[in-house]
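There are 2 protein chains.
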Amino acid sequence: MTQSVDHETVVSRLLSADEILILCHKNPDGDTIGSGTALCLALQKLGKTAAVLCSDPIPAMYAFLPITVFDGSFTPHFVVAVDVAGIQLFGDRNNMPQYAEHVDLCIDHHGSNSGYAYETMLDDHAAATAELLTALIPEMGVEITPDIAACLYTGIATDTGCFRFTNTTAATHRAAAALIEAGADVENLNERLFECRSHARMAAERMALESLEFYYDNRCALICLTWDQIQAAGVAGAELEDLTSLPRSIEGVEVGLTLRQQKDGSYKISVRTGHDTNACNIARRLGGGGHPRAAGCEISGNLDNAKHAILDEVKKELDRSASLNAAES
Amino acid sequence: MTQSVDHETVVSRLLSADEILILCHKNPDGDTIGSGTALCLALQKLGKTAAVLCSDPIPAMYAFLPITVFDGSFTPHFVVAVDVAGIQLFGDRNNMPQYAEHVDLCIDHHGSNSGYAYETMLDDHAAATAELLTALIPEMGVEITPDIAACLYTGIATDTGCFRFTNTTAATHRAAAALIEAGADVENLNERLFECRSHARMAAERMALESLEFYYDNRCALICLTWDQIQAAGVAGAELEDLTSLPRSIEGVEVGLTLRQQKDGSYKISVRTGHDTNACNIARRLGGGGHPRAAGCEISGNLDNAKHAILDEVKKELDRSASLNAAES
Ligand SMILES: [Mn+2]
Ligand SMILES: [Mn+2]
Numbered sequence: 001m002t003q004s005v006d007h008e009t010v011v012s013r014l015l016s017a018d019e020i021l022i023l024c025h026k027n028p029d030g031d032t033i034g035s036g037t038a039l040c041l042a043l044q045k046l047g048k049t050a051a052v053l054c055s056d057p058i059p060a061m062y063a064f065l066p067i068t069v070f071d072g073s074f075t076p077h078f079v080v081a082v083d084v085a086g087i088q089l090f091g092d093r094n095n096m097p098q099y100a101e102h103v104d105l106c107i108d109h110h111g112s113n114s115g116y117a118y119e120t121m122l123d124d125h126a127a128a129t130a131e132l133l134t135a136l137i138p139e140m141g142v143e144i145t146p147d148i149a150a151c152l153y154t155g156i157a158t159d160t161g162c163f164r165f166t167n168t169t170a171a172t173h174r175a176a177a178a179l180i181e182a183g184a185d186v187e188n189l190n191e192r193l194f195e196c197r198s199h200a201r202m203a204a205e206r207m208a209l210e211s212l213e214f215y216y217d218n219r220c221a222l223i224c225l226t227w228d229q230i231q232a233a234g235v236a237g238a239e240l241e242d243l244t245s246l247p248r249s250i251e252g253v254e255v256g257l258t259l260r261q262q263k264d265g266s267y268k269i270s271v272r273t274g275h276d277t278n279a280c281n282i283a284r285r286l287g288g289g290g291h292p293r294a295a296g297c298e299i300s301g302n303l304d305n306a307k308h309a310i311l312d313e314v315k316k317e318l319d320r321s322a323s324l325n326a327a328e329s
Numbered sequence: 001m002t003q004s005v006d007h008e009t010v011v012s013r014l015l016s017a018d019e020i021l022i023l024c025h026k027n028p029d030g031d032t033i034g035s036g037t038a039l040c041l042a043l044q045k046l047g048k049t050a051a052v053l054c055s056d057p058i059p060a061m062y063a064f065l066p067i068t069v070f071d072g073s074f075t076p077h078f079v080v081a082v083d084v085a086g087i088q089l090f091g092d093r094n095n096m097p098q099y100a101e102h103v104d105l106c107i108d109h110h111g112s113n114s115g116y117a118y119e120t121m122l123d124d125h126a127a128a129t130a131e132l133l134t135a136l137i138p139e140m141g142v143e144i145t146p147d148i149a150a151c152l153y154t155g156i157a158t159d160t161g162c163f164r165f166t167n168t169t170a171a172t173h174r175a176a177a178a179l180i181e182a183g184a185d186v187e188n189l190n191e192r193l194f195e196c197r198s199h200a201r202m203a204a205e206r207m208a209l210e211s212l213e214f215y216y217d218n219r220c221a222l223i224c225l226t227w228d229q230i231q232a233a234g235v236a237g238a239e240l241e242d243l244t245s246l247p248r249s250i251e252g253v254e255v256g257l258t259l260r261q262q263k264d265g266s267y268k269i270s271v272r273t274g275h276d277t278n279a280c281n282i283a284r285r286l287g288g289g290g291h292p293r294a295a296g297c298e299i300s301g302n303l304d305n306a307k308h309a310i311l312d313e314v315k316k317e318l319d320r321s322a323s324l325n326a327a328e329s
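Residue numbers (full-length UniProt numbering), protein chains in the order written: chain S, 1 to 329; chain R, 1 to 329.
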């Protein structure tokens, strides 16, 4: 079991360490890379040898960050993991076999952290690991330089969807203010992080918008993607996953449905709802499940059957909510 | 000519006034409505009679704000304009003929403010009038209630594109932090303000994505909308205008072009560029003009001619920038 440690202990561990290897999580995002790079820069400013390692390549959109990638030129004597909630999140570990097994210190903000490190500093109120480091790095006696500020802003801004997601708190905004004052060029950073849509994303959106249908007085919107369309557009993973929020985001839509055909022909259905209806009610009756606002199920058979089945359940749920509202008023 | 006044003077004017009419600008946005409503609530908390007036209806997306619309039930003795940079921005003034001519006090953040009011408090470093009021309302001796905080957060978040636009400063984030602590429910507010896309917006995006073409190794992206398509989609104004940023926002695209056919058949072309090329160079050679990153021109003749002409100029500008970069390295 890991030992929980406070800021003071973390600072003393870092100040007494050298030859420090910083590990990021697989499929790296702006927070793990921004936090890792910021911590690395801070340690280097203290005259220490430090470098960052990740099982996956750094995505092109983060290549502008001044990251020192570990190249084996020193033997790590202290291993820190940033923004990594569990040991399986290190990825395939081919390039870090011995290090991921013995993590000295983990700095993280995921409430689900499994406690795999020897010591862990966890703050699950922080919107990002970078928010936590915005306080910690000055406590190490290191001034936040414009480079460090850019790394930390990247972590906070990406983990909060640019201050839009529900994890954003007053402390998150205060951290952003401090980073701007420390020299983070937010004009440039926001353009890099948020004004850039991948070709895959554009292809996915186009495909989705072309299939958009409305039902029940525009209270329900549905997008439908066949296996062939998905293959032809070359869209996968996150881009495809992101589409599931699109139908519900249209004005007046209470229930958003995304039907994706699987390789075996069956349809995977994502259900997203507003405040008036329960997505789980809809999905559960078709053998699925999930949360009140986001749920899913799978239906085999052809598209007409799948649509018919799910739309029937949507109608029942819309009717239920309408009668509840009528009873209340 | 208007008199510039500081916070202290504004506070003393507002505290000694009663029967206060607050004017917003036409085509009201989140800042003018949020600021007007927040100021109105603050004055009402001081026991004063106050109400808000706008020449246009309040858009549905802001209807949740607790706005007291002026209904003629009192005779205004003090007129305040919020977020209104010039007298023409009051709109047609049919419902406020006498008031807009004699504005006692203007509170604004537009550097272009024309000075139409008797006294003006202007801070053009503020990202929004609401940012300015976040400081001013406590100076009036009024605590920021959750309702007032929701109004001010709405103003700040909408004027900054949720903290993404270049007007966002450290002070903007600090104001947001204070409003969250005062009870602004940002989860709910961000969902209302930013997770909702209009049907017109969806139609416009679909139309744009269907016409998307790439040129010059994907360095140039072009969308093209014919007059008939625009009419069929029922898209106009802001939704159409917003599309002009789409092609440039695609990864790797340096020059984004939007061609919109006018009623007379000619093509209005918007040119957006990245850091390497100059949009104005491209537009100027076709009789247009603008800024380094955003410019425009108009070409008569058929679509093929218009495309050919603008793409030729794009090629010249891309070549010029490539040869500059080669010379530098
Ligand atoms: Mn994170
Ligand atoms: Mn404004």
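Cβ atoms here follow ideal geometry from the backbone N, Cα and C, with glycine treated the same way.
Treat the numbers as computed from the prediction; the structure is a model and nothing was measured.
* Compare the beta carbon distance of R/A208 and R/I223 with 7 Å and say whether it is the shorter of the two. => yes
* To do: With ligand 1 as the reference, list in chain order each residue whose Cβ lies under 6 Å from any of its heavy atoms.
  => S/D31, S/D83, S/H109, S/A128, S/T129, S/D159
* What are the start and end residues of the beta strand (DSSP E) that includes R/I107? -> 105-108
* Asked: What does S/E187 touch in chain R if you count any residue whose Cβ is under 8 Å from its own?
  -> T166
* Nearest chain R C-beta to S/L209 closer than 7 Å, yes or no? -> yes
* **Listed by chain order, chain S residues near R/S270 by CB distance under 9 Å** => Ordered by position in chain S, no residue passes the 9 Å Cβ test against R/S270, which lies about 16 Å from the chain.
* First and last residue of the uninterrupted beta strand (DSSP E) at S/I22 -> 20-23
* To do: Run down chain R in chain order and give the residues with a C-beta less than 9 Å from the C-beta of S/S321.
  => Under the 9 Å cutoff, chain R gives no residues; its nearest Cβ is about 18 Å from S/S321.
* Could you say which of R/A100, R/T9, R/E191, R/G289 lies nearest to R/V52 if we only look at CA atoms? => R/A100
* For R/Q231, which three-state DSSP category applies? -> helix
* **Residues in the segment 189-201 of chain S having any Cβ partner in chain R nearer than 7 Å** => N190, F194, E195, C196, R197, S198, H199
* Asked: Distance, Cα to Cα, R/S112 vs R/G30?
  -> 19 Å
* Taking S/L212 as the query, report the chain R residues whose CB atoms sit under 8 Å from its CB, ordered along the chain. => M202, R206
* Asked: Going by beta carbon distance, what residues of the same chain come within less than 8 Å of residue 343 of chain R, once the five residues before and after it are set aside?
  -> Because chain R is modelled from 1 through 329, residue 343 of chain R falls outside the range shown and cannot be assessed.
* Have a look at S/R201 and S/L89 and give me their C-alpha separation to the nearest angstrom. => 25 Å
* Asked: By how many angstroms is the C-alpha of S/N302 removed from the C-alpha of S/Q261?
  -> 9 Å
* Asked: Is the Cβ of R/E181 closer than 7 Å to any Cβ of chain S?
  -> yes
* **the segment 27-42 of chain R touching the segment 153-162 of chain R, judged by at least three CB pairs closer than 8 Å** => yes
* Asked: Sorted by chain position, which residues of the same chain lie with C-beta nearer than 6 Å to residue 343 of chain S's C-beta, five sequence neighbours on each side aside?
  -> Outside the shown range of chain S, which is 1 to 329, sits residue 343 of chain S, and nothing can be said about it.
* How would you call R/S270, buried or exposed, if buried means at least 16 neighbouring beta carbons within 10 angstroms? -> buried
* **contact_flag[the segment 285-298 of chain R, the segment 186-199 of chain R] where n(CB pairs < 8 Å) is 3 or more** => no
* To do: Report buried or exposed for R/E239, applying the criterion of at least 16 other Cβ atoms within 10 angstroms of its Cβ.
  => buried
* Below 8 Å on the Cβ atoms is my guess for R/I20 versus R/L43; work out the distance and round it to an integer in Å. => 6 Å
* **Length of the line joining the Cα atoms of R/V169 and R/A177** => In the sequence as displayed, the identity of residue 169 of chain R is Thr instead of Val. If I take the Cα positions, the gap works out to 13 Å.
* **S/R250, DSSP secondary structure in three states** => It is Ile, not Arg, that sits at residue 250 of chain S in the sequence shown. Three-state DSSP puts S/I250 in a strand.
* Asked: What residues in the UniProt domain "DDH" (20-156) of chain S bring their beta carbon closer than 7 Å to a beta carbon of chain R?
  -> none
* According to DSSP, what are the bridge partners of R/A294? -> R/R272
* **chain S contact for R/S249 (CB, 7 Å cutoff)** => yes
* **Continuous beta strand (DSSP E) stretch holding R/P223: start and end** => Here residue 223 of chain R is Ile; the residue named in the question, Pro, does not match the sequence. It spans 220-225 - the beta strand (DSSP E) in which R/I223 sits, taken as one unbroken run.
* Asked: S/T169 touches chain R at which residues, Cβ-Cβ below 7 Å?
  -> I180
* N- and C-terminal bounds of the alpha helix (DSSP H) containing S/A200 -> 199-210
* Helix, strand or coil: which one does DSSP assign to S/E195? -> coil
* Asked: Alpha carbon to alpha carbon, how far is S/R206 from R/E210?
  -> 7 Å
* **R/I180 versus R/I67: straight-line alpha-carbon distance, rounded** => 20 Å
* **Proximal residues of chain R, C-beta to C-beta of S/R219 below 9 Å** => Near S/R219 there are no residues of chain R at all, since even the closest Cβ is about 13 Å away, more than 9 Å.
* Asked: Which same chain residues, not among the five before or five after R/P138, have their C-beta less than 8 Å away from its C-beta?
  -> I144
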